[in-house]
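Peer 1: Sharing a structure here in structure tokens format.
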Amino acid sequence: MTTQEFRNIFHNGLWKQNPGIAQLLGLCPLLAISNSVVNALSLGLATTLVMALSGSGVAAMREWIPAPARIPVYILLIAVLVTIVQFLMNAYVYSLYVVLGIFIPLIVTNCIVLARAESFASKNAVFASALDGIAMGLGLTAVLVVLGGIREIFGHGTLLSGIDMVFGEAAKSWVITVVPDYHGFLLAILPPGAFIALGLLIALKNWLNLRAERKAHGANASVAPIEGGCSTAH
Amino acid sequence: MMTTAKVSLRTALSLLFFALAGTALLAWTFDLTHETIARSVEKEKLKLIAQIAPPAAYDNDIMKDTLQLAPDKLLGSTGTTLAYRGRLNGQPSIAVLEVIAPDGYSGRISLIIAIHSDGRIDGVRVVSHRETPGLGDYIEIARSNWITGFNGASLENRKDSEWKVRKDGGSFDYRAGATITPRAIVKAVHKALQYHAQHRDELFAQAPPEKTSGKENKK
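Going line by line, the protein sequences match chains A and B. Quick note: our numbering has the first sequence finishing at residue 234, numbered continuously throughout. Quick note: our numbering has the second sequence finishing at residue 1219, numbered continuously throughout.
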């Protein structure tokens, strides 16, 4: 693999085709989990792990998967992987499982995992597919964390609450109270808050893209509209 | 050249193969891990029991002084569960019951409840659940102290009509966005107290294990 390919994979995952704000895949967990930074980061990293595994799994077996039945096979593979990760974490890293365990089954419902299996891993080598999974996972994690931060500040007036469940009692002092004596803002915590914050993030990304393009090509450039949603098998 | 039938058959067979391989892999992982998982769950439960049964309330080895309870509607149990019995100076003082709330938002919520012999709750903890992360999981003590709202409650100091969440006219808190979860727990705790009230004497009728066996067995 050349350095250029390597950089492309990460540029795609983290910015150009970011699952959260460009491809708009993986909305399920984006809405459900991103109500605090710690929740968002936990689910993001667990998703990254599963995506790296499912990407390399699909790439390794791509020769044997019959084309007409590939989608059910991918789903099967992802569900099996997620369940295995859940079993192993439950057995060997119990304290981490207590924090993350409940998020893990949600990963199966995240279409970005299936989308990358179909659009990348089924056509690329094992190593590249694993990297693609990691890059996309990290891109999603970044968006989740930013969303989580926004919603936590507006919803609870804090940042990093619950960090002690990941790093132990000592981490309790890491919690930042942004707005002291805050009474909470329920809209930010519930799913509508996630939609609104996500919309603002997408707008920000498009604005940045547009600005970069204008600089490069003069004033008349425009950004292609986003296409997205929970379907990949066009 | 392959006919449609042949292609279908081949596809079906490979799907079957992947399904079988996946199931086998899962079965193998389950077999590999389920004992370790059961041990961790057990350890976690003992830790929770230590949290809700204050050490001052008993002077026996509460973890060993157990009684098997037959399945009961009031406990929500479908198999035998354990009751941990705490005694102070030989007198019954506290009972820890395993209870299941069957009607959580995503299935069963497994709880343990410590009840003082006078019918007051010493504490309730969630052992396992599958409620929505970030919404229904405030029932865990690690995430919020909602569950401590049961401390001190009893059938005497709260009427039957008060054993509901505030939204339904009862006296227990809930968080907007997740009412089904606390509703299930309040109901389960209420039933557990009724069970305790009906079976208080039976729970402690059987002598603790130290006295029935031990010395003779050692010889």
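Glycine included, C-beta positions come from ideal geometry on N, C-alpha and C.
State yes or no: is the beta carbon of B:R1166 nearer than 8 Å to at least one beta carbon in chain A?
Peer 2: Mapped onto the second sequence, residue 1166 of chain B falls at position 166. So no, B:R1166 is outside the interface.
Peer 1: Which residues in chain A sit within 7 Å of B:F1030, going by Cβ to Cβ distance?
Peer 2: The residue given as residue 1030 of chain B occupies position 30 in the second sequence. Per Cβ cutoff of 7 Å: F87.
Peer 1: Between A:L27 and the ligand FMN, is the CB less than 7 Å from at least one heavy atom?
Peer 2: In the structure on display, the ligand FMN does not appear, and there are no ligands present to speak of.
Peer 1: Between A:P84 and chain B, is the shortest Cβ-Cβ distance under 8 Å, so that the two count as touching?
Peer 2: For this step, residue 84 of chain A is matched to residue 84 along the first sequence. For clarity, residue 84 of chain A is Ile in the given sequence; the question names Pro instead. Yes, because at least one Cβ of chain B sits closer than 8 Å to the Cβ of A:I84.
Peer 1: Taking only beta-carbon atoms, is B:T1066 less than 8 Å away from chain A?
Peer 2: To locate residue 1066 of chain B, count along the second sequence from 1; it is residue 66. Output row for B:T1066: interface = no.
Peer 1: DSSP on A:T158, reduced to helix/strand/coil?
Peer 2: One-based indexing of the first sequence puts residue 158 of chain A at position 158. Strand, per DSSP.
Peer 1: Check whether chain B comes within 8 Å of A:N90, counting only Cβ atoms and requiring the distance to be less than that.
Peer 2: Stepping through the first sequence from its first residue, residue 90 of chain A is reached at position 90. A:N90 counts as touching chain B.
Peer 1: For the segment 18-37 of chain A against the segment 90-98 of chain A, do three or more pairs of beta-carbon atoms, one drawn from each stretch, fall closer than 8 Å, so that the two count as touching?
Peer 2: With a cut-off of 8 Å, the segment 90-98 of chain A and the segment 18-37 of chain A do not count as touching, because too few Cβ pairs lie within range.
Peer 1: Kindly list the residues whose CB is nearer than 7 Å to the CB of A:I176, restricted to its own chain and excluding five residues on each side of it in sequence; keep chain order.
Peer 2: Here the question's residue 176 of chain A lines up with position 176 in the first sequence. Closer than 7 Å at Cβ, skipping near neighbours: T158, L159, L160.
Peer 1: Span of the alpha helix (DSSP H) holding A:G199?
Peer 2: Working through the first sequence from its first residue, we reach residue 199 of chain A at position 199. 191-217 is the extent of the alpha helix (DSSP H) around A:G199.
Peer 1: What are the uninterrupted segments assigned as beta strand (DSSP E) that are 3 or more residues long and contained completely in the segment 1028-1071 of chain B, given in chain order?
Peer 2: Counting whole runs of 3 or more residues, the segment 1028-1071 of chain B contains the beta strand (DSSP E) stretches 1066-1069.
Peer 1: What are the residues of the segment 63-81 of chain A that lie near chain B, defined by any Cβ-Cβ distance shorter than 8 Å?
Peer 2: Result list: W64, I65, P66, P68, A69, P72, V73, L76, L77, A79, V80.
Peer 1: Rounding to the nearest angstrom, what Cα-Cα distance links A:L198 and A:A121 in this structure?
Peer 2: Indexing the first sequence from 1 puts residue 198 of chain A at position 198. Indexing the first sequence from 1 puts residue 121 of chain A at position 121. Between A:L198 and A:A121, the C-alpha separation is close to 27 Å.
Peer 1: If the cut is a Cβ gap below 9 Å, which residues of chain B does A:G162 touch?
Peer 2: Looking up residue 162 of chain A in the first sequence gives position 162. Correct list: A1142, R1143.
Peer 1: Quick check: A:I78 and A:V113, are their CB atoms within less than 8 Å of each other?
Peer 2: Working through the first sequence from its first residue, we reach residue 78 of chain A at position 78. Working through the first sequence from its first residue, we reach residue 113 of chain A at position 113. Yes, the Cβ-Cβ distance between A:I78 and A:V113 is below 8 Å.
Peer 1: Establish whether the CB of A:A59 and some CB of chain B are separated by less than 8 Å.
Peer 2: Taking the first sequence and counting its residues from 1, the one referred to as residue 59 of chain A is at position 59. No - not a single Cβ of chain B is within 8 Å of the one on A:A59.
Peer 1: Taking B:L1015 as the query, report the chain A residues whose CB atoms sit under 9 Å from its CB, ordered along the chain.
Peer 2: The residue you call residue 1015 of chain B lines up with position 15 of the second sequence. In chain order: P66, A69, P72, V73, L76.
Peer 1: Using a Cβ-Cβ cut-off of 8 Å (strictly less than) and excluding sequence neighbours within five positions of B:V1165, which residues of its own chain qualify?
Peer 2: Taking the first residue of the second sequence as position 1, residue 1165 of chain B is located at position 165. Contacts found: F1172, D1173, Y1174, T1179, P1182, R1183, V1186.
Peer 1: Spell out whether any CB of chain B is found under 8 Å from the CB atom of A:A135.
Peer 2: Within the first sequence, numbered from 1, the residue matching residue 135 of chain A stands at position 135. It does not: the Cβ of A:A135 has no partner Cβ on chain B nearer than 8 Å.
Peer 1: With a 10 Å radius around its C-beta and 16 neighbouring C-beta atoms as the bar for buried, classify B:E1131 as buried or exposed.
Peer 2: Counted from its first residue, the second sequence places residue 1131 of chain B at position 131. The residue in question, B:E1131, is buried, as its Cβ has 16 or more Cβ neighbours within 10 Å.
Peer 1: Helix, strand or coil for A:A125 per DSSP?
Peer 2: On the first sequence, position 125 is the one that residue 125 of chain A refers to. The answer is coil: DSSP assigns A:A125 none of H, G, I, E or B.
Peer 1: Measuring CB to CB, does B:P1092 end up less than 8 Å from B:T1080?
Peer 2: Along the second sequence, one-based indexing puts residue 1092 of chain B at 92. Along the second sequence, one-based indexing puts residue 1080 of chain B at 80. Taking 8 Å as the Cβ cut-off, B:P1092 and B:T1080 do not qualify as a contacting pair.
Peer 1: How big is the Cα-Cα spacing for A:V146 and A:K172?
Peer 2: Residue 146 of chain A sits at position 146 when you count from the first residue of the first sequence. Residue 172 of chain A sits at position 172 when you count from the first residue of the first sequence. Approximately 21 Å, taken between the alpha carbons.
Peer 1: Per the contact definition of three or more C-beta pairs closer than 8 Å, is the segment 7-18 of chain A in contact with the segment 181-190 of chain A?
Peer 2: Flag = no, the segment 181-190 of chain A and the segment 7-18 of chain A do not touch.
Peer 1: Just verifying my parser: in three-state terms, what is the DSSP assignment at B:L1075?
Peer 2: Locating residue 1075 of chain B in the second sequence gives position 75, counting from the first residue. In the structure shown, B:L1075 sits in coil (DSSP, three-state: anything other than H, G, I, E or B).
Peer 1: Name, please, each residue of chain A whose Cβ falls closer than 9 Å to the Cβ of B:S1171.
Peer 2: Sequence index remark: in the second sequence, residue 1171 of chain B carries index 171 (1-based). In chain order: nothing, as chain A lies at least about 22 Å away.
Peer 1: Suppose the cutoff is 6 Å on Cβ atoms and the five residues either side in sequence are ignored; what does the same chain contact list for A:G57 look like?
Peer 2: Residue numbering aside, residue 57 of chain A sits at position 57 when the first sequence is read from its first letter. L77.
Peer 1: Starting from the C-beta of A:Q17, find all residues in its chain whose C-beta is less than 7 Å away, skip the five residues before and the five after it, and write them out in chain order.
Peer 2: As a working note, residue 17 of chain A is residue 17 in the first sequence. For A:Q17, where only same-chain residues beyond five positions count, the Cβ hits under 7 Å are Q23.
Peer 1: Name the residue from A:C111, A:M136, A:F87, A:L208 whose alpha carbon lies nearest to the alpha carbon of B:E1035.
Peer 2: On the second sequence, residue 1035 of chain B is found 35 positions in, with the first residue counted as 1. Per the Cα distances, A:F87.
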